[in-house]
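So the structure is just underneath, and the comments pick up after that.
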Amino acid sequence: MTDAESICSALDEMTASMASTRELIQSLKAKQASSDAMDTRDGISLLSLKHHLILAYLQSLVLLSARRAVGDSMEDRTPPSQPFSTADRSIRGSKVGDLVDSMIEGRIVLEKVKVLESRMRYQIEKLVRVAEDSSKPVAEDPLAFRPNPSNLVNNEQGSEGESDEGSDDNGKQDGIYRPPKLAAMPYVETTTDKRSKRQPIPKALSSLVHQDPSRPHVESTSGLGFTPALASDRAREIQRMTEFEEDNFTRVMMKKKDARRRRRDEEDLALGGSGMSQGRRRGRGLEDEFEDVLRSVGR
Amino acid sequence: MLGCNRACLLRVLQDPSAPVTLRTRKFITNRLLSRRQFILDVLHPSRPNVSKDELAEKLATMYKTDKGRVVLFGFRTQFGGGKSTGFALIYDDEAAQRKFEPKHRLVRSGLVPKVDKPSRKLRHERKNRAKKVRPHPFSARFVLTLDNQFRGTKKIKAAEPPKKGK
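Protein sequences, first through last, are from chains D and F.
So the first sequence is residues 1 to 299, counted in my numbering.
So the second sequence is residues 300 to 465, counted in my numbering.
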């Protein structure tokens, strides 16, 4: 008897909450239709992706529990034929197994989204602050703009050189010898030209490779340092070198300078450092923090 | 005085007769080169590096071969001491070892005597000097090197003005 009572009260609660939710949704829909305040087309698409994913997850969860209550097995599924990465993948079937699969997918994507969101946290908080408290107009608030490192570059062009007019009027007077262009010479592209002009991968994307929470957590055996040492390029390079040596049964032949640098980096890694002794002429203390900013100077 | 104490202390801490542990990794029996090859991890706490001699003895007893068939190379000590990693080869017989080992390693194991040559620079200088040496008057080389003999190796053009100092 008491079980039946409790079930009845639970069902009544459910209907009451569903009715209130329906009212709320109807009021939101009315608000969206009337004003432009709820238009998220220009907003951060990552956040709206999160909303859609969580919504889909909740729907699948509800349907799954309903099917389980009825007694369907969780094994039947009709999976789509294309992999996750194709843009126009066909929709999954609506069997119970498909619901489970879509929930798993949603969870993995949400984990990755969380990592990216943590990288964008500062931007999002700033936008929220601006939206909430709009007492100061944006143009007057000095913190409203992103850093512009190209302003730091010294561009003094016309400060000298007005004095010597009669001596040499042809071309620039900066004292550098420029040979006369007599014949066409072929342009030989060195390897560094292409390398430096290529677009660097944004740090948010490359951090997903090692900060991915769906991968098993990597810990270093020394216990020192909170990030895995494989995070730095030099650590990965050194590990690759040792792997090569062990696989091919040789020691890599390197110059004395390189051998000493490798030894120094290995010692640094063993103590929990990042293993970069030659990172842009040392003194790399703050560079990791401002790497995004400094990288965008050339762009 | 303090420095002397520290040196004595370090010598006391390093025990030359402490036990050494050998571990092998990636063991491969190479039938083509008739040898067994593996990566050797030597654990030697409280001891500096173990000599290749001692390691060869231990490996010979472990794998029941002759000490001369064991070849060790490429040892590097890990940071902090106590562990070194290197490569080891154990040949089936001496003929295979002589055939397949590179010359410098055969010299290290004593199977081939070291050839003492004068330095490379000296050898090249001697060779170049020998090119200018006066050959036997009846030899063809004398006739062919007449230019070199009487005009010298430096070709001087007749119309070339004397060079100004740099």
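Virtual Cβ for every residue (Gly too), placed ideally from N, Cα, C.
Bear in mind the structure is a predicted one, so any value in this text is a computation, not a measurement.
{"Asked": "Straight-line Cα distance separating residue 23 (chain D) from residue 15 (chain D)", "Found": "12 Å"}
{"Asked": "Start and end residues, beta strand (DSSP E) containing residue 410 (chain F)", "Found": "Unbroken run through residue 410 (chain F): none, as it is neither H nor E."}
{"Asked": "The region 334 to 344 of chain F / the region 368 to 388 of chain F touching (three or more Cβ pairs under 8 Å)", "Found": "yes"}
{"Asked": "Collapsed DSSP secondary structure at residue 228 (chain D) in the structure displayed", "Found": "Low local confidence applies: a pLDDT of 46 at residue 228 (chain D) is under 50, so the model's placement there is unreliable, with the coordinate-based value given in what follows. The answer is coil: DSSP assigns residue 228 (chain D) none of H, G, I, E or B."}
{"Asked": "Neighbour flag for residue 237 (chain D) against chain F, beta carbons, 8 Å", "Found": "no"}
{"Asked": "Alpha-carbon spacing of residue 116 (chain D) relative to residue 322 (chain F), whole angstroms", "Found": "44 Å"}
{"Asked": "Cα-Cα separation, residue 92 (chain D) to residue 101 (chain D)", "Found": "9 Å"}
{"Asked": "Under 8 Å by beta carbon: chain F residues contacting residue 260 (chain D)", "Found": "Residues of chain F passing the Cβ test: none, with the nearest at roughly 13 Å."}
{"Asked": "Test item: CB-CB of residue 50 (chain D) and residue 78 (chain D) under 8 Å", "Found": "no"}
{"Asked": "Counted within 10 angstroms of its Cβ, other Cβ atoms place residue 162 (chain D) as buried (16 or more) or exposed", "Found": "Confidence at residue 162 (chain D) is low in this model, with a pLDDT of 48, below 50, so its placement is unreliable and no value can be given for it."}
{"Asked": "Beta strand (DSSP E) segments (min. 3 residues) lying fully within the region 379 to 409 of chain F", "Found": "382 to 390"}
{"Asked": "Whole-angstrom distance between residue 374 (chain F) and residue 250 (chain D), CA atom to CA atom", "Found": "10 Å"}
{"Asked": "Segment contact, 8 Å Cβ cut-off, at least three pairs: the region 313 to 321 of chain F with the region 337 to 357 of chain F", "Found": "yes"}
{"Asked": "Short CB-CB distance (under 8 Å) between residue 389 (chain F) and chain D", "Found": "no"}
{"Asked": "Contact list for residue 249 (chain D) against chain F, beta-carbon separation under 7 Å", "Found": "336 and 386"}
{"Asked": "Through-space distance from residue 342 (chain F) to residue 68 (chain D), alpha-carbon basis", "Found": "58 Å"}
{"Asked": "Chain-ordered neighbours of residue 266 (chain D) on chain F, where CB pairs are closer than 7 Å", "Found": "378"}
{"Asked": "Close beta carbons around residue 138 (chain D), own chain, < 6 Å, minus the five adjacent residues each side", "Found": "144"}
{"Asked": "Collapsed DSSP secondary structure at residue 278 (chain D) in the structure displayed", "Found": "coil"}
{"Asked": "Cβ neighbours of residue 241 (chain D) in the same chain (closer than 7 Å, five flanking residues each side left out)", "Found": "252"}
{"Asked": "Beta-ladder partner(s) of residue 324 (chain F), from DSSP", "Found": "F:338"}
{"Asked": "Option in D:247, D:33, D:273 and D:72 with minimal Cα separation from residue 325 (chain F)", "Found": "D:247"}
{"Asked": "Expected contact under 8 Å - CB spacing of residue 397 (chain F) and residue 372 (chain F) to nearest Å", "Found": "17 Å between Cβ atoms; not a contact."}
{"Asked": "Residue 400 (chain F), buried or exposed, once every other Cβ within 10 Å from all chains shown has been counted against 16", "Found": "buried"}
{"Asked": "Whether residue 384 (chain F) touches residue 340 (chain F) by CB criterion (8 Å)", "Found": "yes"}
{"Asked": "DSSP bridge partner residues for residue 369 (chain F) (one or two, in chain order)", "Found": "F:389"}
{"Asked": "Interface residues of the region 361 to 378 of chain F facing chain D [CB-CB below 9 Å]", "Found": "372, 373, 375, 377 and 378"}
{"Asked": "Euclidean distance between Cα positions of residue 121 (chain D) and residue 141 (chain D)", "Found": "20 Å"}
{"Asked": "Residue 151 (chain D) to residue 313 (chain F) span [Cα, whole Å]", "Found": "60 Å"}
{"Asked": "Residue 374 (chain F) in three-state terms, based on DSSP", "Found": "strand"}
{"Asked": "Beta-carbon gap between residue 238 (chain D) and residue 264 (chain D) smaller than 8 Å", "Found": "no"}
{"Asked": "Closer than 8 Å to chain D by CB, residue 325 (chain F)", "Found": "yes"}
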